[in-house]
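Protein chains in written order, with the numbering used here: chain A, 395 to 634; chain B, 2 to 314. Each residue gets a CB set at the ideal place from its N, CA and C atoms; glycine is no exception. This report concerns only the one structure given below.
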């Protein structure tokens, strides 16, 4: 537990030691603010859900790979994995610490949405908090699932850029399944689409204000599965 | 302290480490010698549990490195060949991280400061590791291994890439550490092993080629190395005729090695014998057969049984 928290702290610290971390956050805040201004303030249509939908469609696919690309690939490249894997900690603690660090950074980076909620509530007639909490929770769950998938890709290579590009590819693929799902007639195909419905569940449930418990469990088990696969991928190198 | 039994590592058809067995005792400074690619790092990586063995076992203080990894690893401080440093952290941040990672029971601040003092990095603790010289980086790596005061230290080529002054400092430090820790260190610099280690193990092609105290591998003391002008056969017969000389032979580089009988000083006798025969002696020195020679001998023979036996008494 203590080792896991140490790893979490180290990762967050490392992310913000280079200008890169701040640039990523700034670009994210800039683009999402632009949309918020255009759609909500200028368009006089207060819907925080649109903000999250925009971010999920256009920003998340790139943000998660940027947060995860270094996590395991860089350790391997710099041979610092020798420290982590010979310390008296389990691989599970290492992977989980890094995953949680990514989630902390993800939250910090997207916390600009809290500001949007505050600003929007000044203009809105109806209360927004419920919608906001529902959307943001779904958004974070979607982010957690993508983080877990992208971390696995980072564990499979020692080149962070290979990790990032393959992660973008996989994320886009996951997103595309959302539009594919409706056009597939085959039963097996639909089932498959259902299995990888990380984006679909966000858009169909949380973004519409439905706090779906099955989807919550879906996201948690999806993330757990890919974290487990990441642990296996790291362990496998020991046996290689 | 560490028991290695039939340790083997295969990569496909290639056998990197082939059936190595040995025991390493408390407070021993063990030198791992071997040419590059002999399997030193692979062996160390298996002892520390970074790699798994294809077959065979490693017991660290009674704990199996693969089935009881946390208990085994807690006893080991490991400095890999490339120090595992995060260049974007300061030395202090890095050592604090390792302190937590290893779950050291000692107070963080005082313990890190104490270790920093010991390896001589107190003055650079707040600088970024990436900006430090190689010697300092190596020391930060060593400090990392020392954190938590583990009974066993495993150091993979700790003096590689350092300048001569730094090498001397690190060697002194390792010798000092040997008094409180069990140390395994690998090197391909032979005098280093001779200077620092109490026991030397040679590895060649993944196999144990020799195992014994450093002295036992370098030949008996009192051997002389002479430079003599003259035909080798004539010189050798002259030398062998001298009283007190038990044997003489050429070393292959134009010099002659003279092995006197136990306790005999044959230097004067050799001088007169050669002078009378008008074969000038131009140089004579004590030849503690260097480890280098022993090493090459063992390597070319492909493993020596005599040296192997010497270590087990």
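Legend entry - Boundaries (first-last residue) of the beta strand (DSSP E) holding residue 246/B: 246 to 251
* Is it true that the stretch 150 to 157 of chain B meets the stretch 34 to 50 of chain B, where meeting means three or more beta-carbon pairs spaced less than 8 Å apart? -> yes
#### Entry: Beta-ladder partner(s) of residue 261/B, from DSSP
246/B
| query | What residue does the beta strand (DSSP E) around residue 16/B start on, and which one ends it? | reply | 15 to 25
*Exposed or buried, residue 582/A, counting other C-beta atoms within 10 Å across all chains shown (16 or more means buried)?*
exposed
- Item | First and last residue of the uninterrupted beta strand (DSSP E) at residue 33/B | 30 to 34
* To do: For residue 79/B, count neighbouring Cβ atoms within 10 angstroms of its own Cβ and tell me buried if that reaches 16, exposed if not.
  => buried
Handout entry: Short CB-CB distance (under 8 Å) between residue 404/A and chain B
Key = yes
Please return the same chain residues whose Cβ sits closer than 6 Å to the Cβ of residue 309/B, not counting the five positions on each side in sequence. Its pLDDT being 38, under 50, residue 309/B is placed unreliably by the model, and nothing is read from it.
- prompt: What does residue 482/A reach in chain B if we use C-beta pairs closer than 7 Å?
  reply: 71, 74, 75, 103, 104
Exercise. Are residue 271/B and residue 243/B closer than 8 Å when you measure CB to CB?
Worked result: yes
- Among 144/B, 230/B, 132/B, which residue has its Cα nearest to the Cα of residue 284/B? 230/B
DSSP three-state label for residue 180/B, please. coil
Establish whether the CB of residue 477/A and some CB of chain B are separated by less than 8 Å. yes
Query raised in the report: Using the beta-carbon of each residue, which ones in chain A are nearer than 7 Å to residue 53/B?
Result: 632, 633
Could you give the residue range of the beta strand (DSSP E) that holds residue 203/B?
200 to 205
Practice item. Kindly indicate the opening and closing residues of the beta strand (DSSP E) around residue 226/B. Key: 225 to 229
Opening and closing residue of the alpha helix (DSSP H) in which residue 212/B lies
Run containing residue 212/B: none in the alpha helix (DSSP H); it sits in the beta strand (DSSP E), 208 to 214.
Requested in this report: Taking residue 185/B as the query, report the chain A residues whose CB atoms sit under 7 Å from its CB, ordered along the chain.
Outcome: Those do not exist, as residue 185/B stays about 13 Å from chain A at its closest Cβ, beyond 7 Å.
Q) Mind checking whether residue 6/B and residue 40/B have CB atoms under 8 Å apart? A) no
Exercise. Determine the contact status of residue 515/A and residue 522/A, defining contact as a CB-CB distance below 8 Å.
Key: yes
Q. Since residue 58/B is in the beta strand (DSSP E), which residue starts that stretch and which ends it?
A. 56 to 61
- Tell me which same chain residues have a C-beta within less than 6 Å of the C-beta of residue 518/A, skipping the five on either side of it? 440
**Message:** Could you check whether residue 59/B and residue 95/B sit closer than 8 Å to each other, using their CB atoms as the reference points?
**Reply:** no
Item to complete: Identify, in the order they occur along the chain, each residue of the same chain with its Cβ nearer than 7 Å to the Cβ of residue 313/B, setting aside the five sequence neighbours on each side.
Response: Caution is warranted here: a pLDDT of 37 is assigned to residue 313/B, below 50, making its placement in the model unreliable, and the coordinate value is therefore given only provisionally. If we look at residue 313/B and ignore the five residues flanking it on each side, it has no Cβ neighbours.
Runs of 3 residues minimum, wholly inside the stretch 98 to 176 of chain B: which ones carry the beta strand (DSSP E) assignment?
153 to 157
For this session: Output, in sequence order along the chain, the residues in the stretch 430 to 456 of chain A whose CB is closer than 8 Å to any CB in chain B.
Result: none
Three or more C-beta pairs under 8 Å: does that hold for the stretch 244 to 258 of chain B against the stretch 187 to 204 of chain B? no
ask   = Within the 8 Å Cβ cut-off, does residue 462/A reach chain B?
value = no
Review point. Would you say the stretch 531 to 550 of chain A touches the stretch 603 to 615 of chain A, given that touching needs at least three Cβ pairs under 8 Å?
Key: yes
* chain A partners of residue 1/B, CB-CB under 9 Å? -> The displayed coordinates of chain B run from 2 to 314. Any statement about residue 1/B would go beyond what the structure contains.
Residue-chain proximity (residue 94/B, chain A), Cβ-Cβ < 8 Å:
yes
* Please work out which residues of its chain come closer than 7 Å, Cβ to Cβ, to residue 29/B, disregarding the five sequence neighbours upstream and downstream, and give them in chain order. => 183, 199, 200
Quick one: what's residue 187/B bridged to in DSSP?
33/B, 157/B
Counting C-beta neighbours from all protein chains within 10 Å, is the total for residue 1/B 16 or more, i.e. buried, or is it exposed? Past the edges of chain B, shown from 2 to 314, lies residue 1/B, and the structure says nothing about it.
Next on the checklist: Looking at residue 259/B: is its Cβ nearer than 8 Å to the Cβ of residue 227/B?
Outcome noted: yes
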